[in-house]
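At the far end of the sequence shown sits residue 467, using this note's numbering, and the numbering has no gaps.
Yeah, the Cβ is synthetic: ideal placement off N, Cα and C, and Gly gets one too.
It should be emphasised that the depicted structure is a prediction, and the values quoted were computed from it without experimental measurement.
Presented below is the structure to which this report refers.
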Amino acid sequence: MGDQMEEPIVVGRWVTRAIECGGLHLDGGAMFGSVPRVVWERCIEPDLEHRIPLATRLLLLEDTESDRVVIVDAGVGDKEDVSFRERFAVWLPEGSDEPPLRRAIRKAGVDPDRVTDLIITHLHFDHVGGATTLDAAGHPCMVFPSATHWIQEANWNSAIDPNPREKASYLRQNIEPLEGTQLKKIDGDGEILSGITVERVDGHTLGMQTVRVEGGGQVLRYLADLAPTRHHLRPAWTMGYDISAITAVEEKSRILAQALEEQAVLVLEHDPESATAKIELKNGNIVPVLK
Numbered sequence: 177m178g179d180q181m182e183e184p185i186v187v188g189r190w191v192t193r194a195i196e197c198g199g200l201h202l203d204g205g206a207m208f209g210s211v212p213r214v215v216w217e218r219c220i221e222p223d224l225e226h227r228i229p230l231a232t233r234l235l236l237l238e239d240t241e242s243d244r245v246v247i248v249d250a251g252v253g254d255k256e257d258v259s260f261r262e263r264f265a266v267w268l269p270e271g272s273d274e275p276p277l278r279r280a281i282r283k284a285g286v287d288p289d290r291v292t293d294l295i296i297t298h299l300h301f302d303h304v305g306g307a308t309t310l311d312a313a314g315h316p317c318m319v320f321p322s323a324t325h326w327i328q329e330a331n332w333n334s335a336i337d338p339n340p341r342e343k344a345s346y347l348r349q350n351i352e353p354l355e356g357t358q359l360k361k362i363d364g365d366g367e368i369l370s371g372i373t374v375e376r377v378d379g380h381t382l383g384m385q386t387v388r389v390e391g392g393g394q395v396l397r398y399l400a401d402l403a404p405t406r407h408h409l410r411p412a413w414t415m416g417y418d419i420s421a422i423t424a425v426e427e428k429s430r431i432l433a434q435a436l437e438e439q440a441v442l443v444l445e446h447d448p449e450s451a452t453a454k455i456e457l458k459n460g461n462i463v464p465v466l467k
């Protein structure tokens, strides 16, 4: 399902690729919030349980000026039991017995042992679950124990003491192993690596971060759950999962206005068909232009 970028996109010093790391199915109504079903089901067809297929698409960045290899987000992973996998109809990359994240990176033609950094947009299970796997004793352990893991401090605090509404999305087995790694907690917006900036947004969950890559006159943005699919590139189309729909609309409107001015390439983390898009104005409305 979905596709990788046909060719890597070079953004300054960074060679970027959108890579597939499996996917899952979530309730269509929850994914589209107040958008009526008669409208959203024309966009993505639901199954008999009213779920829609969603990719877990990551961003792989190779630095041409150093040995850094950066991954943004990690997918669902392989730690969960059969009941969990069936409930969300999870599918994982085909391949060896390696953890799914390593398989996805290897399939993209990169040695996973080269990974130096993992940027986690937020700690919901479908974004961070793949950063850990089970060891021989069945205990959660890090897939990249030597890598630097980047997370917003506000999101970390939310995840370790989750509110009742989000508790089912913040799973302890995904979060606790991170404490033993090179964990860097970020406070707000800022450039964390040369040409790579994170921007904090709070509408979906407190302390989520989007990722902006800039260089050589090119901009690429990884929007995470600010706009999980191309259909959510409409500012008013938010998710039922968002903790504050109004905040999400305001943040998305601001970032999409910037992306329009920059002519940025937008990476769509959950779109089942399209890895990337651009946007344009048509009759005063922002609409996606698929790559």
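Original post:
Per DSSP, what kind of secondary structure is Arg-397 in: helix, strand or coil?
Top reply: strand
Original post:
In this structure, does DSSP put Trp-190 in helix, strand or coil?
Top reply: strand
Original post:
Does the distance from the C-beta atom of Arg-278 to that of Val-246 stay below 8 Å?
Top reply: no
Original post:
Residues in its own chain within less than 6 Å of Arg-282 by CB, not counting five upstream and five downstream?
Top reply: Pro-288
Original post:
For the alpha helix (DSSP H) that Ile-431 lies in, which residues bound it at each end?
Top reply: 421-438
Original post:
When the distance is taken between beta carbons, is Gly-392 closer than 8 Å to Asn-350?
Top reply: no
Original post:
For Met-415, which of helix, strand or coil comes out of DSSP?
Top reply: coil
Original post:
Buried or exposed: which applies to Asn-331, given that a residue is buried once 16 or more other Cβ atoms fall within 10 Å of its Cβ?
Top reply: buried
Original post:
Considering Val-374, what are the terminal residues of the beta strand (DSSP E) in which it resides?
Top reply: 372-377
Original post:
Leaving out the 5 sequence neighbours to the left and right, which residues in its chain are closer than 7 Å to Val-252 when beta-carbon positions are compared?
Top reply: Gly-198, Leu-200, Thr-232, Val-266, Phe-301, Asp-302, Gly-305 and Gly-306
**OP:** Answer yes or no: do Leu-457 and Thr-192 have a C-beta to C-beta separation smaller than 8 Å?
**Re:** no
Original post:
For the beta strand (DSSP E) that Lys-283 lies in, which residues bound it at each end?
Top reply: Careful: Lys-283 lies outside any beta strand (DSSP E), inside the alpha helix (DSSP H) at 276-283.
Subject >> Beta-carbon contacts of Ala-453 that lie in its chain and below 7 Å, excluding the five residues immediately before and after >> reply: Arg-406, Leu-409, Leu-442, Leu-444, Pro-464, Val-465, Leu-466 and Lys-467
Original post:
If you draw a straight line from the alpha carbon of Ser-259 to that of Arg-218, how long is it in whole angstroms?
Top reply: 29 Å
Original post:
Leaving out five residues before and five after Ile-462 in sequence, what residues of the same chain have Cβ atoms less than 6 Å from its Cβ?
Top reply: Leu-432 and Ile-455
Subject >> Beta-carbon proximity list for Ala-298, same chain, < 6 Å, skipping 5 on both sides >> reply: Checking the sequence, you will find His at residue 298 rather than Ala. Closer than 6 Å at Cβ, skipping near neighbours: Asn-331, Thr-381 and Met-384.
Original post:
Between Ala-447 and Leu-230, what straight-line distance do the alpha-carbon atoms span, to the nearest angstrom?
Top reply: Looking at the sequence provided, one finds Asp at residue 447 rather than Ala. Each residue's alpha carbon lies about 6 Å from the other.
Original post:
Residues in its own chain within less than 6 Å of Ile-296 by CB, not counting five upstream and five downstream?
Top reply: Val-304 and Ile-327
**OP:** Taking 8 Å as the cut-off, decide whether the C-beta atoms of Val-377 and Glu-437 are in contact.
**Re:** no
Subject >> Unbroken alpha helix (DSSP H) run spanning Gly-366, endpoints >> reply: Where Gly-366 is concerned, there is no enclosing alpha helix (DSSP H), although the beta strand (DSSP E) it sits in stretches over 366-369.
**OP:** Note down the Cα distance separating Leu-236 from Leu-202, rounded to an integer number of angstroms.
**Re:** 25 Å
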